[in-house]
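Each residue of the sequence shown is one higher than the last, beginning at 12 in this note's numbering.
For glycine and all other residues, C-beta sits at the position ideal for the given N, C-alpha and C.
Note that the coordinates shown come from a computational prediction; the quantities given were computed from them, not determined experimentally.
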Amino acid sequence: MDKAVEIRTERLLLRRHRPEDLDDLVEYANSPGFGHYGTYHTTRQEAEKLLDMILDATKWEQQGIPNFAVVLDGKVIGEVHLNRREEDKENGRAEIVYSLSSHHWNKGLTTEAARAVMDWTFRTQDLNRIFAWCDPKNVGSWGGMEKLGMKREGLLRDHRLWNGEFRDQLYYGILRGEWKG
Numbered sequence: 012m013d014k015a016v017e018i019r020t021e022r023l024l025l026r027r028h029r030p031e032d033l034d035d036l037v038e039y040a041n042s043p044g045f046g047h048y049g050t051y052h053t054t055r056q057e058a059e060k061l062l063d064m065i066l067d068a069t070k071w072e073q074q075g076i077p078n079f080a081v082v083l084d085g086k087v088i089g090e091v092h093l094n095r096r097e098e099d100k101e102n103g104r105a106e107i108v109y110s111l112s113s114h115h116w117n118k119g120l121t122t123e124a125a126r127a128v129m130d131w132t133f134r135t136q137d138l139n140r141i142f143a144w145c146d147p148k149n150v151g152s153w154g155g156m157e158k159l160g161m162k163r164e165g166l167l168r169d170h171r172l173w174n175g176e177f178r179d180q181l182y183y184g185i186l187r188g189e190w191k192g
């Protein structure tokens with residue numbers, strides 16, 4: 012991803028992470044209820060490690076993983092990124108991953124950010140498919156996927172071990188030809 016890439020939406024700025032984002036990363040990962048469905052960078056040390064990895068542009072670009080900080084009123088409140096494993100690159104697909112401070116849930120901001128990244132991706136990258144997954148109990152996440160035009164493609168039972176418990180996973184996807192931007 013070009014370091015200069017910035018995406019502006021009605022309310023948000025989506026840009027590369029910066030070293031000064033560290034405190035915001037820790038803050039949003041510790042917002043109430045945030046880590047209920049996944050593991051996040053809740054300590055300063057974990058956030059530093061994540062931020063170092065994100066800022067290592069060469070490593071990220073080699074993997075083809077654009078990573079956008081979601082900025083509202085000058086403060087990082089979340090992130091949206093694309094994972095492209097080797098088999099994903101070979102098959103023209105990427106996984107979209109998003110997270111947002113719980114202080115900003117139910118305001119349409121996650122959908123706004125993800126829509127902008129998906130639109131940028133389908134316009135600038137050689138991808139045929141974007142997919143995502145979530146816990147079926149995470150209604151906000153799969154509801155957002157549906158608002159983005161993604162289709163529910165399946166349920167994988169006991170697919171993920173999290174906190175010592177096997178959990179189901181819902182899978183969603185959208186094809187380039189289905190994208191309406």
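Using the rule of at least 16 other Cβ atoms within 10 Å of the residue's Cβ for burial, across every protein chain shown, is methionine 156 buried or exposed?
-> Buried.
Label asparagine 78 either buried or exposed according to how many other C-beta atoms from any shown protein chain fall within 10 Å of its C-beta, with 16 as the threshold for buried.
-> Asparagine 78 sits buried, since 16 or more C-beta atoms from the chains shown fall within 10 Å of its C-beta.
What is the DSSP secondary structure of aspartate 169, reduced to helix, strand or coil?
-> Look at aspartate 169 here: in three-state DSSP terms it is strand.
Cβ separation of tyrosine 39 and serine 112, assumed to be a contact under 8 Å, to the nearest whole Å | Between tyrosine 39 and serine 112 the beta-carbon gap is near 4 Å, inside 8 Å, which marks them as a contact.
Buried/exposed call for glutamate 17, threshold 16 Cβ in 10 Å = Of the residues assessed, glutamate 17 falls on the exposed side of the cut-off, its CB having fewer than 16 other CB atoms within 10 angstroms.
With contact counted as at least three CB pairs below 8 Å, one residue from each stretch, are the stretch 169-179 and the stretch 122-139 in contact?
-> No, because fewer than three Cβ pairs between the stretch 169-179 and the stretch 122-139 fall closer than 8 Å, the two stretches do not touch.
Which of the three DSSP states, helix, strand or coil, is assigned to histidine 28?
-> It is coil, neither helix nor strand.
Leaving aside the five residues before and after glycine 188 along the sequence, list all residues of the same chain whose C-beta is less than 6 Å from its C-beta, in chain order.
-> So the list is empty, once near-sequence residues are dropped.
Quick one: which unbroken alpha helix (DSSP H) runs of 4-plus residues sit fully inside the stretch 99-171? Chain order, please.
-> List check, alpha helix (DSSP H) in window: 120-135, 150-158.
Return the Cβ separation of histidine 92 and valine 108 in integer angstroms, given the expectation that the two are a contact with Cβ distance under 8 Å.
-> 5 Å between Cβ atoms; contact.
Assuming alanine 143 contacts tyrosine 183 (C-beta within less than 8 Å), just tell me the rounded distance between them.
-> Taking C-beta atoms under 8 Å as the contact rule, alanine 143 and tyrosine 183 qualify, at a distance of about 5 Å.
So, helix, strand or coil for lysine 191, using DSSP?
-> In the structure shown, lysine 191 falls within a coil segment according to DSSP collapsed to helix, strand and coil.
Using three-state DSSP, classify isoleucine 185 as helix, strand or coil.
-> If DSSP states are grouped into helix, strand and coil, isoleucine 185 belongs with the strands.
Just mark arginine 22 as buried or exposed, buried being the case when its beta carbon has 16 or more other beta carbons within 10 Å.
-> Its Cβ having fewer than 16 others within 10 Å, arginine 22 is exposed.
Less than 7 Å separating the beta-carbons of lysine 86 and threonine 122?
-> No, these two residues do not count as a Cβ contact at 7 Å.
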